[in-house]
Amino acid sequence: MIRLMSFRRVLMAASLFVVVDYATAHAQEQRSIYTPAPASNARAAAAKHGMVVAQEKIAAKVGADVMARGGNAVDAAVATGFAMAVTYPRAGNIGGGGFMVIHSADRQEDIAIDYRETAPAATTRDMFLGTDGQPDIAKSRDSALGIGVPGTVAGLALALEKYGSGKFTLSDMLQPAIALARDGFVLADDLADTLPDWRRRLSRWPKSLRMITRADGTALRPGDTLVQGDLATTLSAIAAQGPRGFYQGPVAEKLVDGIKAAGGIFTIDDLKNYQPVIRPPVRGHYRGYDIVSMPLPSSGGTVLVETLNILEGFPMGEMTQGAAPSLHLLIEAMKRAYADRARYLGDPAFVNAPIITLLSKDYAAKQRASIDLAHATPWTDALSAVPPREGSNTTHYSVVDAAGNAVSNTYTLNFPYGVGLVAEGTGVLLNNELDDFTAAPGASNAFGLVGFEANLPGPGKRPLSSMSPTIVLKDGNPVLVTGSPGGSRIISTVLQVIVNVLDYRLDVTSAVAAPRLHHQWLPDEVRIERGFSEETLTALKVMGHRVIEPMGQTSANSIAVIPDGLLGAPDPRTRGAEASGY
Ligand code: GLY
């Protein structure tokens, strides 16, 4: 168990660090030493008018086609979001939730749509504790108690209604998804690669396994066609009635029955009462660019901007990308911002987090002053967080249209294939998002993220997220749209893509492909991807960093706005990511 006392002690210790002369420590010629990430079939693509970069190619094309037919980026994002619920069931969903950041060029407005899952009304603070009073991870991760009330259908419908072009109805945007579910599509790429995991995840509820079973009762194989008839019916109900077709009536009843039979606690009223929220995004300023990202209940934007603010005081662009001195600064900035995440952040409806302070340049200057340029700052003291162990569990896509509208959308079931329960008769694969709550003060979630009072479970509460859909603007126009899956690693991934583009001037493809690392304060370790040189890793270890491989999956499907159009950078780390433009 983490003790708050030790948290205070390390904060006090931080003020004793001496800042050494930056120039002496980092006088190096600027160069990039990244090694491309492992090969996959992801290809960068340029387009003149509109672009969707998503984790699954059929859904990316659905969105690009919508723009080619006169839709805007929001129309495309909605169509892609519903299509991925069919073609990328590992994380694309209507049984989960997420966050969408929109830059509306027409209105010169930036907004964030929070469609995070909520805890059912019957949720209690101790719900994820065992009889011994200790966190029982099986309850939040592998049981129906972990299912949050899904937000995706309401969130995508709200985005279309408020920010769509007005040329298409919700039903129009659902038709490609309905056809894909009804007629099927060929299992390939990442879905084919993860069939064994998929099977394992669904096997606790054998009826859920029907989703990936052939007519003859054997398991689906790569190259087979996945048909989802129940899901087609559910999507058709939404097309006919709007969100009411999901949150009320026969689909809602089947969802509640399926969840109740599996031991869950959420009711028809929980579904009926679900509301997505339009929020002002978190805004930051970094080296002349505006950073627009997700506010609470995602920690993403706050931690991202705090980290960038800390880094802004260092001449990152004069340093070597991927070398130990610049990586050291990234790690130390991450460590401090993630510590604040653990301490302060939670659902803003329940917690009064000190956001103005956390986002201020003055606070960042104080944090910066505690960084020792030659040594890792130790943040742990008798702490026992578990290391991150999840793979890619969430999915991110970026969209930009010809008018300069941009959408950055990240949504999730939490674990790959969620809790593994398909509510009978609905085809809806359900999330286990409530594991993102902190089961008890000082406990950690599946990503090893420690939390305290601010993120305890409660009725109607939204668990703290790390999802960081982000748009970078210059003079009010989008220049970069990015985001990632990866739980706690999402924020550090987005940070590194931004720093690679804005400081190191890498093109977006190289910025996305460059190896990444991650520090989340606790556990006090630097998780790394392959590709850093031995020399770099040795230098980090000499500074006192505990360097551990692997880092776990992330996938930053990004778009850069370039002088003559759009450059889409599907992340090469996961098979199947695609840039689809026209
Ligand atoms: N479930 C991962 C996140 O929301 O951060």
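With our numbering as the guide, the letters of the sequence shown map in order to residues 1 to 582.
Glycine included, every Cβ here is placed at the ideal spot set by N, Cα and C.
(Q) Is the beta carbon of Leu174 closer than 9 Å to that of Leu129? (A) Residue numbering aside, residue 129 sits at position 129 when the sequence shown is read from its first letter. Residue numbering aside, residue 174 sits at position 174 when the sequence shown is read from its first letter. No, they are not a contact pair.
Q: Would you please state the rounded distance, in angstroms, between the beta carbons of Ala364 and Glu318? I believe it to be under 8 Å.
A: In the sequence shown, the residue the question calls residue 364 occupies position 364. In the sequence shown, the residue the question calls residue 318 occupies position 318. Actually they are not in contact, since the Cβ atoms of Ala364 and Glu318 sit about 19 Å apart, beyond 8 Å.
Q. If we count Cβ pairs, one from each stretch, closer than 8 Å, do we get three or more for the region 502–522 versus the region 443–455?
A. Cβ pair count under 8 Å is three or more, so yes.
Q: Compute the Euclidean distance between the alpha carbons of Glu109 and Asn414, then round it to the nearest angstrom.
A: For the purposes of this step, residue 109 is taken as residue 109 along the sequence shown, with counting starting at 1. For the purposes of this step, residue 414 is taken as residue 414 along the sequence shown, with counting starting at 1. So the alpha carbons of these two residues sit roughly 30 Å apart.
Q.
Please report the straight-line C-alpha distance between Ala569 and Ala560, rounded to a whole angstrom.
A. If you number the sequence shown from 1, residue 569 lands on position 569. If you number the sequence shown from 1, residue 560 lands on position 560. Annotation: Ala569 to Ala560 spans about 8 Å, alpha carbon to alpha carbon.
Q. Per DSSP, what kind of secondary structure is Met551 in: helix, strand or coil?
A. Here the question's residue 551 lines up with position 551 in the sequence shown. Coil at Met551, not helix or strand.
Q: Whole angstroms is fine: what's the gap from Gly300's alpha carbon to Ile147's?
A: For the purposes of this step, residue 300 is taken as residue 300 along the sequence shown, with counting starting at 1. For the purposes of this step, residue 147 is taken as residue 147 along the sequence shown, with counting starting at 1. One C-alpha to the other measures close to 22 Å.
(Q) Once DSSP output is grouped into helix, strand and coil, what is the label at Asn93? (A) Reading the sequence shown from its first residue, position 93 is the one you call residue 93. Looking at Asn93 - three-state DSSP - the assignment turns out to be coil, as it is neither helix nor strand.
Q. On the three-state DSSP scale, how would you describe His518?
A. Mapped onto the sequence shown, residue 518 falls at position 518. For His518, the secondary structure class from DSSP, reduced to helix, strand or coil, is strand.
Q | Reduced DSSP category for Asn592 - H, G, I as helix; E, B as strand; rest coil | A | What the structure shows of the chain is the stretch from 1 to 582, and residue 592 is not part of that stretch, so it cannot be assessed.
Q.
Taking the alpha-carbon of Ile178 as reference, which of Ala79, Ser484 and Gln553 has the nearest alpha-carbon?
A. Taking the sequence shown and counting its residues from 1, the one referred to as residue 178 is at position 178. For Ile178, the closest alpha carbon among the candidates Ala79, Ser484 and Gln553 is that of Ala79.
Q) Roughly how many angstroms lie between the CA atoms of Thr169 and Leu156, to the nearest whole one? A) Taking the sequence shown and counting its residues from 1, the one referred to as residue 169 is at position 169. Taking the sequence shown and counting its residues from 1, the one referred to as residue 156 is at position 156. Whole-angstrom Cα-Cα distance: 12 Å.
Q: Please confirm whether any heavy atom of ligand 1 lies closer than 8 Å to the CB of Gly487.
A: One-based indexing of the sequence shown puts residue 487 at position 487. At least one heavy atom of ligand 1 is nearer than 8 Å to the Cβ of Gly487, so yes.
Q: Count the other C-beta atoms from every protein chain shown that fall within 10 angstroms of the C-beta of Asn409, then say buried if there are 16 or more, exposed otherwise.
A: The residue given as residue 409 occupies position 409 in the sequence shown. Per the 10 Å Cβ criterion, buried.
Q. With respect to 8 Å, is the separation between the Cβ of Pro463 and the closest non-hydrogen atom of ligand 1 below this value?
A. For the purposes of this step, residue 463 is identified with residue 463 of the sequence shown, where counting begins at 1. Relative to ligand 1, Pro463 has its C-beta within less than 8 Å of a heavy atom.
(Q) For Thr131 and Tyr344, what's the separation of their Cα atoms in angstroms? (A) Taking the sequence shown and counting its residues from 1, the one referred to as residue 131 is at position 131. Taking the sequence shown and counting its residues from 1, the one referred to as residue 344 is at position 344. For Thr131 and Tyr344, the distance between alpha carbons rounds to 28 Å.
Q. Among residues of its own chain, excluding the 5 on either side of Phe185, which ones have a beta-carbon nearer than 7 Å to its beta-carbon?
A. On the sequence shown, position 185 is the one that residue 185 refers to. Excluding positions up to five away in sequence, the list reads Ile58, Thr87, Thr225 and Leu226.
Q) Hey, how far is the Cα of Arg90 from the Cα of Arg107? A) As a first step, residue 90 must be located in the sequence shown, where it is residue number 90. As a first step, residue 107 must be located in the sequence shown, where it is residue number 107. The alpha-carbon atoms of Arg90 and Arg107 are separated by roughly 35 Å.
Q) Could you check where the alpha helix (DSSP H) with Asp435 kicks off and where it finishes? A) Along the sequence shown, one-based indexing puts residue 435 at 435. Element bounds for Asp435: n/a, residue is neither H nor E.
(Q) Within 10 Å of its beta-carbon, does Arg389 have 16 or more other beta-carbons around it, so buried, or fewer, so exposed? (A) Working through the sequence shown from its first residue, we reach residue 389 at position 389. Model confidence at Arg389 stands at a pLDDT of 37, short of 50, so the residue's coordinates are unreliable and nothing is read from them.
Q) For the beta strand (DSSP E) that contains Val479, what are its first and last residues? A) Translated into positions along the sequence shown, residue 479 becomes position 479. Counting along the chain, the beta strand (DSSP E) containing Val479 begins and ends at Asn477 to Thr482.
**Q.** Ala579 in three-state terms, based on DSSP
**A.** What you label residue 579 is simply residue 579 of the sequence shown in a count that begins at 1. The three-state secondary structure of Ala579, taken from DSSP, is strand.
Q | Contacting residues, own chain, Cβ-Cβ under 6 Å from Asp190 (five flanking each side not counted) | A | Residue numbering aside, residue 190 sits at position 190 when the sequence shown is read from its first letter. Cβ within range, chain order: Thr574, Arg575 and Gly576.
(Q) Judging by CA-CA distance, which residue of Asp270, Asn309 and Phe314 is the nearest neighbour of Leu358? (A) To locate residue 358, count along the sequence shown from 1; it is residue 358. Of the candidates Asp270, Asn309 and Phe314, the one whose C-alpha sits nearest the C-alpha of Leu358 is Asn309.
Q.
Using the Cβ count rule (16 or more neighbours within 10 Å means buried), how would you classify Ile356?
A. For this step, residue 356 is matched to residue 356 along the sequence shown. Result: exposed.
Q | His328 - containing beta strand (DSSP E), residue span | A | Translated into positions along the sequence shown, residue 328 becomes position 328. In the DSSP assignment, His328 falls outside any beta strand (DSSP E) and within the unbroken alpha helix (DSSP H) covering Ala324 to Tyr344.
Q | Val612: first and last residue of the uninterrupted beta strand (DSSP E) it sits in | A | Outside the modelled stretch of the chain, which goes from 1 to 582, sits residue 612, for which no answer is possible.
Q) According to the neighbour-count rule (16 or more other Cβ atoms, all chains shown, within 10 Å of its Cβ), is Gln275 buried or exposed? A) Here residue 275 refers to the residue found at position 275 of the sequence shown. By the 10 Å Cβ count, Gln275 comes out exposed.
Q) Under the three-state reduction of DSSP, which class applies to Val407: helix, strand or coil? A) Mapped onto the sequence shown, residue 407 falls at position 407. In this structure, Val407 counts as strand in the three-state DSSP scheme.
Q.
In the DSSP output, what is Lys474 paired with across the bridge?
A. Against the sequence shown, residue 474 aligns to sequence position 474. In DSSP, Lys474 forms a bridge with Asn477.
Q) Say the cut is 8 Å; is the CB of Met467 nearer than that to a heavy atom of ligand 1? A) As a first step, residue 467 must be located in the sequence shown, where it is residue number 467. Residue side-chain check: Met467 places its Cβ nearer than 8 Å to a non-hydrogen atom of ligand 1.
Q) For Val52 versus Ala44, is the C-beta spacing smaller than 9 Å? A) Locating residue 52 in the sequence shown gives position 52, where the first residue counts as 1. Locating residue 44 in the sequence shown gives position 44, where the first residue counts as 1. For Val52 and Ala44, no; Cβs fall outside 9 Å.
(Q) Any heavy atom of ligand 1 closer than 8 Å to the beta-carbon of Ser298? (A) Residue numbering aside, residue 298 sits at position 298 when the sequence shown is read from its first letter. Yes.
Q | Minimum C-alpha distance to Val428 - residue among Asp257, Gly565, Gln496 and Gln321 | A | Taking the first residue of the sequence shown as position 1, residue 428 is located at position 428. Looking at the Cα atoms, Asp257 is the closest of the given residues.
Q: May I have the straight-line CA-CA distance separating Val386 from Val512, to the nearest angstrom?
A: As a position in the sequence shown, residue 386 is number 386, starting the count at 1. As a position in the sequence shown, residue 512 is number 512, starting the count at 1. Below a pLDDT of 50, predicted positions are generally treated as unreliable, and Val386, at 31, falls in that range; no measurement from the model is reported.
Q. Comparing alpha-carbon positions, which option in Met294, Ala333, Gly288 and Gly460 lies nearest Asp269?
A. As a working mapping, residue 269 is identified with position 269 in the sequence shown. Comparing Cα positions, the closest option is Gly460.
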